[in-house]
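A.B. asks: Numbering (the working numbering), first residue to last: 413 to 745.
Glycine included, each C-beta is placed from N, C-alpha and C at the ideal position.
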Amino acid sequence: MKLRTFLQLIRIQNLPTAVADALAGFFIANAGQEFEVEHGRALAVAALASACLYSGGMANNDAQHAHKDQMLGKPRPIVRGEVSLGEAHWNSVVLMIAGILAAYSAAGKPGFLIGGIIAIFCLTYNRLARGSVGSDGYIRPSVIANASGAVLLAFCRALNVWLGMVAAIAVRNEFQNNFASLMGNVDPAAWVALGVVFLYFLTVIGVSLLEDFGGGTSGLKALAVSSGLVVIAAPLAVDYAGGGENFITPEASHVVALALSLALLMLLMKRFRNAIRDPRPPVIGQVVRWGIIGEPLLLGAMVLMATGSLVQGLGIAVLTLTCLALARLSHST
Numbered sequence: 413m414k415l416r417t418f419l420q421l422i423r424i425q426n427l428p429t430a431v432a433d434a435l436a437g438f439f440i441a442n443a444g445q446e447f448e449v450e451h452g453r454a455l456a457v458a459a460l461a462s463a464c465l466y467s468g469g470m471a472n473n474d475a476q477h478a479h480k481d482q483m484l485g486k487p488r489p490i491v492r493g494e495v496s497l498g499e500a501h502w503n504s505v506v507l508m509i510a511g512i513l514a515a516y517s518a519a520g521k522p523g524f525l526i527g528g529i530i531a532i533f534c535l536t537y538n539r540l541a542r543g544s545v546g547s548d549g550y551i552r553p554s555v556i557a558n559a560s561g562a563v564l565l566a567f568c569r570a571l572n573v574w575l576g577m578v579a580a581i582a583v584r585n586e587f588q589n590n591f592a593s594l595m596g597n598v599d600p601a602a603w604v605a606l607g608v609v610f611l612y613f614l615t616v617i618g619v620s621l622l623e624d625f626g627g628g629t630s631g632l633k634a635l636a637v638s639s640g641l642v643v644i645a646a647p648l649a650v651d652y653a654g655g656g657e658n659f660i661t662p663e664a665s666h667v668v669a670l671a672l673s674l675a676l677l678m679l680l681m682k683r684f685r686n687a688i689r690d691p692r693p694p695v696i697g698q699v700v701r702w703g704i705i706g707e708p709l710l711l712g713a714m715v716l717m718a719t720g721s722l723v724q725g726l727g728i729a730v731l732t733l734t735c736l737a738l739a740r741l742s743h744s745t
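#1: Report back the beta-carbon spacing between L710 and Y612 to the nearest angstrom; my notes put them in contact at under 8 Å.
#2: Less than 8 Å between the CB atoms is what I'm expecting for F677 and G618, so what's the real figure, rounded?
#3: How about L427 and I728: are their beta carbons less than 8 Å apart?
#4: At a cut of 8 Å, does the region 473-484 reach the region 443-463 through at least three beta carbon pairs?
#5: Suppose only complete runs of 4+ residues qualify. What are the alpha helix (DSSP H) ranges in the region 420-507, listed by chain order?
#6: To the nearest angstrom, how far is it from the Cα of S620 to the Cα of I696?
#7: Measure the C-alpha to C-alpha separation of P708 and S496 and round it to an integer number of angstroms.
#8: Determine whether the beta carbon atoms of T732 and I440 lie at a separation below 8 Å.
#9: Using a 10 Å radius around the Cβ and a threshold of 16 neighbouring Cβ atoms, would you call P487 buried or exposed?
#10: Determine the direct distance from the alpha carbon of G655 to that of R740, and round the result to whole angstroms.
#11: For a test of the three-state rule: what should DSSP assign to L621, helix, strand or coil?
#12: Quick one: Cα of Q420 to Cα of W702, how far?
#13: Please state the DSSP three-state secondary structure of L738.
#14: Alpha carbon to alpha carbon, how far is V616 from V700? Give it in angstroms, no decimals.
#15: Would DSSP call S721 helix, strand or coil?
#16: What is the DSSP secondary structure of M413, reduced to helix, strand or coil?
#17: In terms of alpha-carbon separation, which member of I422, M413, G437, L415 lies closest to G353?
#18: Return helix, strand or coil for V573, following the three-state DSSP convention.
#19: Give me the Cβ distance between I526 and W574, rounded to the nearest whole Å; I'm assuming they're in contact under 8 Å.
#20: Identify which residue in R584, L535, A713 has its Cα closest to the Cα of I644.
#21: Helix, strand or coil: how does DSSP classify V609 here?
#22: Measure the CB-CB distance between L571 and I529 and report whether it falls below 8 Å.
#23: Within a Cβ cutoff of 6 Å, which residues of the same chain sit near R683, ignoring the five residues on either side of it in sequence?
#24: Which residue's Cα is closest to the Cα of R689: A562, S630, S517?
#25: Tell me the DSSP secondary structure of E707 in three-state form.
#26: If you compare alpha carbons, which of L648, T429, I422, T417 is closest to T734?
#27: Can you list, in chain order, the residues of its chain with a C-beta nearer than 7 Å to that of R539? Leave out the 5 residues immediately preceding and following it.
#28: Nearest-angstrom Cα distance between G493 and A500?
#29: Could you tell me whether the Cβ atoms of L507 and A541 are closer together than 8 Å?
#30: How far does the alpha helix (DSSP H) with I650 in it reach, from first residue to last?
#31: Tell me which same chain residues have a C-beta within less than 7 Å of the C-beta of S504, skipping the five on either side of it?
#32: Could you check whether A566 and L614 sit closer than 8 Å to each other, using their CB atoms as the reference points?
#33: Closer than 7 Å by C-beta to N558: which residues in its own chain qualify, once you throw out the five before and the five after it? Chain order, please.
#34: The alpha helix (DSSP H) that contains R685, what's its start and end?
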């Protein structure tokens with residue numbers, strides 16, 4: 413398999429968003445702490461774990477959904493005949509095992525369990541979302557499969573963030589390698605950030621379902637409102653949960669956080685507007701694309717509110733530009 417084909421199989425364009433998940437979780441959980449050498453190691457390994465798990469999930473997704481990708485005309489490596497189903501499955505297994513082991517290295521037994529849950533949820537989602545292709549060219553899985561799959565995949569993204577948080581807590585030795593002591597060391601701002609990521613991706617996945625099923629404009633309008641509310645409320649909610657006295661302050665980090673949220677809102681609403689006017693799968697797919705690669709902007713905004721660090725927040729936000737730079741190698745959905 414050629415390197416370019418492998419990178420397309422794992423959706424290299426979206427990979428920086430998985431790294432951003434772990435980075436954001438780590439920085440939010442480590443807010444107020446000095447960043448030392450051991451933090452750097454744990455951060456790097458947690459990011460590697462998230463990247464491997466995401467890549468494994470994408471390879472499995474291509475293998476599971478090859479039939480509908482072909483019907484929908486998506487230029488995936490399997491559809492083009494550049495990768496066999498066996499190769500895709502094998503790469504998926506290797507990457508997921510590597511991700512679980514890296515999660516264990518970053519955060520011990522809790523990390524191992526989180527990595528395992530991410531892998532199971534991801535594989536289950538891919539199976540549930542297989543569906544069958546109707547004569548009209550759209551996918552027809554059951555309503556239960558749709559809802560269950562969307563929730564599982566949104567949980568996967570939130571768990572990526574939680575993996576970074578657990579890695580940060582592990583470095584501080586604030587839990588005895590078990591979840592009972594871990595739960596008490598996650599502050600309110602971190603819980604809010606996890607909830608935001610879950611809700612945000614629930615809306616993105618909802619749009620992707622409309623892309624596959626040929627949804628109408630009413631669903632797109634509802635998801636546009638929902639995603640807009642999540643994006644705007646996210647930094648404000650994190651600030652409030654972290655003890656912020658005012659939603660809007662003169663601090664530079666807060667101003668930049670709100671600017672990042674506004675930028676993401678504008679990017680999404682432009683694509684939603686186009687999709688509502690022309691609800692064809694390729695147009696709806698642009699909403700999904702920007703929903704995925706725009707996530708680092710949302711994460712960066714929350715990190716800025718939680719930590720006040722421009723370096724950390726903007727460092728995550730710039731990963732959206734990295735996604736755009738990699739756009740020539742892969743498709744986002």
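C.D. replies: With the structure as the only source:
#1: 6 Å
#2: The amino acid at residue 677 is misidentified as Phe; the sequence shows Leu. About 17 Å separates the two Cβ atoms, so there is no contact after all.
#3: no
#4: In short, these stretches do not touch, since the Cβ pair count stays below three.
#5: For the region 420-507, whole alpha helix (DSSP H) runs of length 4 or above, ordered along the chain, are 427-441, 449-476, 478-484.
#6: For S620 and I696, the distance between alpha carbons rounds to 8 Å.
#7: 32 Å
#8: Their beta carbons are not under 8 Å apart, which means T732 does not touch I440 by this criterion.
#9: P487 comes out exposed.
#10: The alpha-carbon separation between R740 and G655 amounts to approximately 43 Å.
#11: helix
#12: 18 Å
#13: coil
#14: Each residue's CA atom was taken as its position, placing V700 and V616 some 6 Å apart.
#15: Residue state, collapsed to three classes: coil.
#16: coil
#17: Nothing can be reported for residue 353, as the shown portion of the chain is limited to 413 through 745.
#18: helix
#19: 6 Å
#20: Of the candidates R584, L535, A713, the one whose C-alpha sits nearest the C-alpha of I644 is A713.
#21: helix
#22: yes
#23: Q698, V699, W702
#24: S630
#25: Helix at E707.
#26: T429
#27: Excluding sequence neighbours, R539 sits near Q476.
#28: 12 Å
#29: no
#30: Note that residue 650 is Val in the sequence shown, not Ile. Taken as a continuous stretch (DSSP letters only), the alpha helix (DSSP H) holding V650 covers 629-653.
#31: G468, A471, N472, A475
#32: yes
#33: L621
#34: 664-689
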